[in-house]
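The structure under discussion appears below in the form of structure tokens.
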Amino acid sequence: MRLNNKNIVVTAAAQGIGRATAIAYSKEGANVIATDINEEKLNELKAENSNIKTEVLDSTNKEAVENFSQSIKDVDVLFHAVGFVHHGTIMECSSDEFYNSININVYSAYLMSSFLLPKMIQKNKGNIIIVSSAASNVKGAPNRFIYGTTKAALNGFVKAMAADYVKKGIRCNAILPGTVETPSWEGRVNMADDPKQARKDFINRQLMGRLAKPEEIASLAVYLASDESDFVTGTLNLIDGGWTL
Ligand code: NAD
Numbered sequence: 002m003r004l005n006n007k008n009i010v011v012t013a014a015a016q017g018i019g020r021a022t023a024i025a026y027s028k029e030g031a032n033v034i035a036t037d038i039n040e041e042k043l044n045e046l047k048a049e050n051s052n053i054k055t056e057v058l059d060s061t062n063k064e065a066v067e068n069f070s071q072s073i074k075d076v077d078v079l080f081h082a083v084g085f086v087h088h089g090t091i092m093e094c095s096s097d098e099f100y101n102s103i104n105i106n107v108y109s110a111y112l113m114s115s116f117l118l119p120k121m122i123q124k125n126k127g128n129i130i131i132v133s134s135a136a137s138n139v140k141g142a143p144n145r146f147i148y149g150t151t152k153a154a155l156n157g158f159v160k161a162m163a164a165d166y167v168k169k170g171i172r173c174n175a176i177l178p179g180t181v182e183t184p185s186w187e188g189r190v191n192m193a194d195d196p197k198q199a200r201k202d203f204i205n206r207q208l209m210g211r212l213a214k215p216e217e218i219a220s221l222a223v224y225l226a227s228d229e230s231d232f233v234t235g236t237l238n239l240i241d242g243g244w245t246l
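Quick note: the sequence shown uses the numbering used here, first residue 2, plus one each step.
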């Protein structure tokens, strides 16, 4: 019960890292509101985990995020996992694709944080955890031009937020995974010209020779959400099986 009675909002909770984290938080005693745009998968999550509340929320929709923030009484932790992987170099990234990735990966973090922060400031305690990526300012990955750019922006976002609110009892940290076995990752593998080779390449880039399970990312997320990490802020937590060694 490392998160007993903490009120936690999780975004992108319908699948992958967000889903595993919502379940881990609930198992540790937190009151979890799991949000996503995928209602069907949220319902599946709810059916299997009756303690978790679910709510359809598009984290890029200002009005929806504002209404959501007004509808909840209290929040101790925001775990923000919304993200989209665009495949390609700068030459394969149109203006629309550029802004779409900024919108989903960066603007969503801005909206969720800025609307939930006042509730944290009010009580001089709060905790924001952003899912970034090792593919960012830490590691250049081929065909991840706008993805790496947005994740590098999120690393700056976390540092700036941590600096601005450290005196107000609010912490802000990032999680930077390597390759994680999630539905969207499976989709990216299957879209490759040679899916078998793509799978091998993704696995081999981690020197540990395997992918992460979403539950392994959730373990780090539990630590960062708990009071065990109360002295930790502004950190970029790599969890990448040795990819960036
Ligand atoms: P995923 O891509 O499989 O699922 C993402 C979820 O986000 C989906 O349920 C989707 O419905 C939801 N979503 C998309 N747009 C949304 C929006 N506007 N509002 C609310 N929900 C929205 O999940 P994943 O692979 O676990 O990725 C989660 C996060 O982890 C992302 O930020 C991703 O960039 C990051 N990450 C993933 C990996 C990986 O290998 N899977 C590696 C590093 C970082």
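Every residue gets a Cβ at the ideal spot worked out from N, C-alpha and C, and that includes glycine.
| Asked | Found |
| --- | --- |
| 8 angstroms Cβ shell around GLU40 - same chain, five flanking residues per side excluded | VAL57 |
| Buried or exposed (CB count within 10 angstroms, at least 16 for buried), GLN207 | buried |
| Under the three-state DSSP convention, the category ARG3 falls into | coil |
| VAL159 beta carbon near the ligand NAD (any heavy atom closer than 6 angstroms) | no |
| Same chain only: Cβ atoms within 6 angstroms of ASN52, ignoring 5 sequence neighbours per side | SER27 |
| Check whether LEU177 and ILE129 have beta carbons under 7 angstroms apart | no |
| The ligand NAD heavy atom lying under 6 angstroms from the CB of ILE171 | no |
| Extent of the continuous beta strand (DSSP E) to which THR36 belongs | 32–37 |
| Whole-Å CB distance - ILE204 paired with LEU212, under 8 angstroms assumed | 6 angstroms |
| Runs of beta strand (DSSP E) lying entirely within the region 125–170, each at least 3 residues, in chain order | 127–132 |
| Whether GLY84 touches ASN144 by CB criterion (7 angstroms) | no |
| Those residues, in chain order, that have a beta-carbon closer than 5 angstroms to some heavy atom of the ligand NAD | ALA13, ALA15, GLN16, GLY17, ILE18, ASP37, ILE38, ASN39, ASP59, SER60, THR61, ALA82, VAL83, GLY84, VAL132, SER134, PRO178, THR180, VAL181, THR183, PRO184, SER185, TRP186 |
| Alpha-carbon spacing of ASN238 relative to ASP194, whole angstroms | 32 angstroms |
| Straight-line Cα distance separating ILE34 from SER114 | 15 angstroms |
| DSSP bridge partner residues for HIS81 (one or two, in chain order) | ILE131 |
| Classification of LEU117 by the beta-carbon crowding that lies within 10 angstroms, buried from 16 upward | buried |
| Contact under 7 angstroms by Cβ, ASN156 with ASN174 | no |
| TRP197, buried or exposed, once every other Cβ within 10 Å from all chains shown has been counted against 16 | The sequence shown places Lys at residue 197, rather than the Trp named in the question. Classification of LYS197: exposed, given that the 10 Å Cβ count is below 16. |
| Through-space distance from PHE158 to SER102, alpha-carbon basis | 16 angstroms |
| Distance, ASP59 Cα to ALA65 Cα | 7 angstroms |
| Cβ-based burial, LEU246 [other Cβ within 10 Å; buried from 16] | exposed |
| Cβ pair GLY19, ALA82 closer than 7 angstroms | yes |
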